[in-house]
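Quick notes on the structure that follows.
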Amino acid sequence: MAENIHPIFDQTLTRTSKEELLRQRALVIWMVGLSGSGKSTLAKGLEFALHQRGHLTQLLDGDNLRSGINNNLGFSEADRLENIRRSAETAKLFLNAGLITICSLISPTAEIRNLAKSIIGEPDYYEVYINAPFEVCAQRDVKGLYKKALNGEIKNFTGLDAPFEAPTNPALEIRTDQQTYEESLQKLLDAILPRLTFGGLN
Numbered sequence: 000m001a002e003n004i005h006p007i008f009d010q011t012l013t014r015t016s017k018e019e020l021l022r023q024r025a026l027v028i029w030m031v032g033l034s035g036s037g038k039s040t041l042a043k044g045l046e047f048a049l050h051q052r053g054h055l056t057q058l059l060d061g062d063n064l065r066s067g068i069n070n071n072l073g074f075s076e077a078d079r080l081e082n083i084r085r086s087a088e089t090a091k092l093f094l095n096a097g098l099i100t101i102c103s104l105i106s107p108t109a110e111i112r113n114l115a116k117s118i119i120g121e122p123d124y125y126e127v128y129i130n131a132p133f134e135v136c137a138q139r140d141v142k143g144l145y146k147k148a149l150n151g152e153i154k155n156f157t158g159l160d161a162p163f164e165a166p167t168n169p170a171l172e173i174r175t176d177q178q179t180y181e182e183s184l185q186k187l188l189d190a191i192l193p194r195l196t197f198g199g200l201n
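Quick note: the sequence shown uses numbering that gives the first Met the number 0, first residue 0, plus one each step.
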């Protein structure tokens, strides 16, 4: 019963105290895009690069989350919303622990992305659109999913028979079909690094 729940958020150690200990400003980097666009590859590269620079991070990848905390969810509209809700709540926990949290999830609709932003809080939500056209992602088909989807073996596949609404105003857009992995990662780092220091960009 809700009336028997008594949160103690106001009594716990503050996020600022943890950020001061870690000497970094916490942030949630929410990377969205089609399957095969390069989200996970860039998320892994970003985490490694930040670690090398002395930052403490946590990577939340969509497939990893669906194999654990979200393993009871399918791909209906309701389940997709719940997938993002749980993922955003998890990201917020890491954020409040002072960590730089990198989330790699397709996040196909504006409604879903707005839900994540509302949970995390707009000042701490940094949306990165990893943009590659459906045709390019299908050609890459790094997980073999496009072949199955185009053969009808996978239903509700994003970009095919389930919608993908491209972000209209992301904080950053990276066209992985037009630049190399190294160029994409450097663009990401150039945008992110100034936001991780105290007094950095908002």
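Using N, Cα and C, we set each Cβ at its ideal position, and we do this for glycine too.
8 Å Cβ cutoff met for residue i and residue j
{"i": "residue 54", "j": "residue 99", "result": "yes"}
{"i": "residue 28", "j": "residue 125", "result": "yes"}
{"i": "residue 115", "j": "residue 83", "result": "yes"}
{"i": "residue 58", "j": "residue 46", "result": "yes"}
{"i": "residue 122", "j": "residue 161", "result": "no"}
{"i": "residue 18", "j": "residue 73", "result": "no"}
{"i": "residue 60", "j": "residue 103", "result": "yes"}
{"i": "residue 173", "j": "residue 188", "result": "no"}
Identity of the residue in the options nearest residue i by Cα
{"i": "residue 43", "options": "20, 114, 170 and 181", "result": "181"}
{"i": "residue 165", "options": "155, 149 and 113", "result": "113"}
{"i": "residue 56", "options": "23, 30 and 161", "result": "23"}
{"i": "residue 101", "options": "173, 38, 73 and 136", "result": "38"}
{"i": "residue 16", "options": "69, 95, 190 and 179", "result": "95"}
{"i": "residue 81", "options": "118, 123, 50 and 97", "result": "118"}
{"i": "residue 171", "options": "163, 185 and 162", "result": "185"}
{"i": "residue 168", "options": "155, 190 and 109", "result": "109"}
{"i": "residue 62", "options": "79, 48 and 52", "result": "79"}
{"i": "residue 13", "options": "93, 64, 135 and 50", "result": "93"}
{"i": "residue 202", "options": "148, 67 and 87", "result": "No statement about residue 202 is possible, as the shown extent of the chain runs from 0 to 201 and does not include it."}
{"i": "residue 50", "options": "64, 21 and 65", "result": "21"}
{"i": "residue 176", "options": "151, 138, 157 and 142", "result": "138"}
{"i": "residue 65", "options": "179, 190 and 89", "result": "89"}
{"i": "residue 178", "options": "146, 135 and 48", "result": "135"}
{"i": "residue 120", "options": "148, 91, 143 and 133", "result": "91"}
{"i": "residue 133", "options": "151, 111, 183 and 156", "result": "156"}
Nearest-angstrom beta carbon gap, residue j and residue i [assumed within contact, 8 Å]
{"i": "residue 26", "j": "residue 195", "result": "6 Å"}
{"i": "residue 130", "j": "residue 32", "result": "6 Å"}
{"i": "residue 69", "j": "residue 85", "result": "6 Å"}
For residue i, the first and last residue of its enclosing alpha helix (DSSP H)
{"i": "residue 121", "result": "From DSSP, residue 121 is part of no alpha helix (DSSP H); its letter is neither H nor E."}
{"i": "residue 26", "result": "No alpha helix (DSSP H) contains residue 26, which is instead part of the beta strand (DSSP E) from 26-31."}
{"i": "residue 191", "result": "180-191"}
{"i": "residue 12", "result": "Taken as a continuous stretch (DSSP letters only), residue 12 belongs to no alpha helix (DSSP H), as it is neither H nor E."}
{"i": "residue 164", "result": "No alpha helix (DSSP H) holds residue 164; DSSP gives it neither H nor E."}
{"i": "residue 152", "result": "Note, residue 152: premise wrong, no alpha helix (DSSP H); not H, not E."}
{"i": "residue 40", "result": "38-51"}
{"i": "residue 131", "result": "Element bounds for residue 131: n/a, residue is neither H nor E."}
Residue i - containing beta strand (DSSP E), residue span
{"i": "residue 59", "result": "56-60"}
{"i": "residue 174", "result": "171-174"}
Proximity test, residue i beta-carbon vs the ligand ADP heavy atom, cut-off 7 Å
{"i": "residue 173", "result": "The ligand content of the structure shown is nil, which means the ligand ADP is not present either."}
Fully enclosed by the segment 66-112, which alpha helix (DSSP H) runs are 4 residues long or longer? 76-95
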